[in-house]
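Just so you know, we're using the numbering used here here: the sequence shown kicks off at 204 and counts up by one.
Report on one structure; see the data block that follows.
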Amino acid sequence: MEKRLIENRQLVGILTMFMLVQFAGIALATLWFNGATYQQITSSQIVSGPSNVLLLLAYIIFLAVVMILIFRFYHGAKLFRVIEGVVIFIASFYVFLVIIAYLTQSSNIATIGAAIMAILLVAAKNKWVKLKNVAAIIASIGVGVVLGFGFSFIAAIAFMGLLAIYDFVAVFITKHMITLANVVTDNNLAFMVDMNEVEAVPKSDFSKKELSEYNKYVKSSGQRGKKILSVMKKTGSMGMVPISANVALGTGDLAIPLMVAVSAYKLTLSFVPSFFIALGAVLGLILTMFILRKYKRALPAIPPLFLGVLIGFALYYLVYYIV
């Protein structure tokens, strides 16, 4: 029972952060699109055709290959910090830019203020590693809103569909996404949000099969496994087993549904379809959590999120155009 409570607490934490990204991102987009006409919005789209979508997907795959090569041959930490810092700065810059521009109505003040805030966020994350989730959430909002602004709705849907296929292949077939996730976790990089804690629970909560699987998991969990083993030495003689309640979600899994939700604004110049899509994405994440809880293994999140996005948009269309 106690083991289930720990798992539920972790899953609720991840779900809360996911919802924060989706709905805070939509709120930010309302400021971005404030006062813009349909012609101004559509003329700013840079990704609208299939060739653009395929090129962007190819670029993402290329970056993944480059990152894997770096992880294989480079074992330091400074390069990872530089990459993380650049990503956080660029993504968070747009978040702060929109907010400050709305408050001050000055592009010059907004640009300078956003740059300062982005630099402070990078510095704060490097000084206080516990701010990783905060930095990842802000960066995800920035990426999702900027992509949503640049994508047409059809292109955004197509892009997410292709990413769902790529995510499935990367997790279950090539498994390089798992390698990337392990490196991100071991270096505490803000490329995912996670809920991670170690708590001792009675051995009686486990069957023999579960204990055997648990021991295998600990041995293959890198730095997280070492942390668990250190707790095991203290609690093993007391009939307790330390549980690493770790659930993580990549920033791409946070940003891509938001991208689709923001791009949907262009359909009617209304955020109603955006909210339906965001709610559908939440349902998709809940589905992912049920599967994760049952099978206890790394899962591609984009496919069920994409299913949820499609369901959310279908419900919107049904309510507003058919019923």
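Where is the CB? At the ideal position from N, CA and C, for every residue including glycine.
In this text, all values refer to a predicted model and were calculated from it rather than measured experimentally.
Rounded straight-line distance, which links the Cα of V349 to that of F296: 11 Å
L214 (DSSP reduced to helix, strand or coil): helix
DSSP three-state assignment for N329, whether helix, strand or coil: helix
Continuous alpha helix (DSSP H) stretch holding V386: start and end: H379 to D389
Cutoff 7 Å; reference L452; Cβ partners in own chain excluding five residues on either side: I217, F221, M395, V396 and A504
Same chain, Cβ closer than 6 Å to V298, neighbours up to 5 away in sequence not counted: I341, I344 and G345
Pair within 7 Å by beta-carbon distance, A484 and V512: Going by C-beta atoms, A484 is nearer than 7 Å to V512.
Rounded Cβ spacing between L392 and E287 (contact assumed at less than 8 Å): Yes, they are in contact, since the Cβ atoms of L392 and E287 sit about 5 Å apart, within 8 Å.
At least three beta-carbon pairs within less than 8 Å, the stretch 267-279 to the stretch 306-317: no
7 Å Cβ shell around L521 - same chain, five flanking residues per side excluded: none
Residue nearest to Y305 in terms of C-alpha spacing, selected from L234, I315 and T219: Out of L234, I315 and T219, L234 has the C-alpha closest to the C-alpha of Y305.
Q225 versus A458: straight-line alpha-carbon distance, rounded: 8 Å
Pairwise C-alpha distance: F265 and G279: 22 Å
Sheet register partners of N399 (DSSP bridge): N449
Residues of its chain near I494, where Cβ-Cβ distance is below 8 Å and the 5 sequence neighbours each way are ignored: L502 and P507
Contacting residues, own chain, Cβ-Cβ under 7 Å from F479 (five flanking each side not counted): G515, F516, L518 and Y519
Span separating the alpha-carbon of H379 from that of T219: 27 Å
Coarse secondary structure for F221, derived from DSSP in three states: helix
Contiguous alpha helix (DSSP H) assignments of at least 4 residues, all confined to the stretch 277-320: 281-307
Proximity of V337 and M398 at Cβ, strictly below 7 Å: no
Same chain, Cβ closer than 8 Å to S440, neighbours up to 5 away in sequence not counted: Its pLDDT being 46, under 50, S440 is placed unreliably by the model, and the measurement read from it follows with that caveat. Contacts found: none.
Own chain partners of L323 with C-beta closer than 6 Å, once the 5 adjacent residues on each side are dropped: none
Beta-carbon gap between G487 and L461 smaller than 7 Å: No.
Whole-Å CB distance - V325 paired with F292, under 8 Å assumed: 5 Å
Neighbourhood of I303 by C-beta, 8 Å cutoff - its chain only, sequence neighbours within 5 removed: I312, A313, G316, A317 and M320
Sub-7 Å separation of L231 and V301 beta-carbons: Going by C-beta atoms, L231 is nearer than 7 Å to V301.
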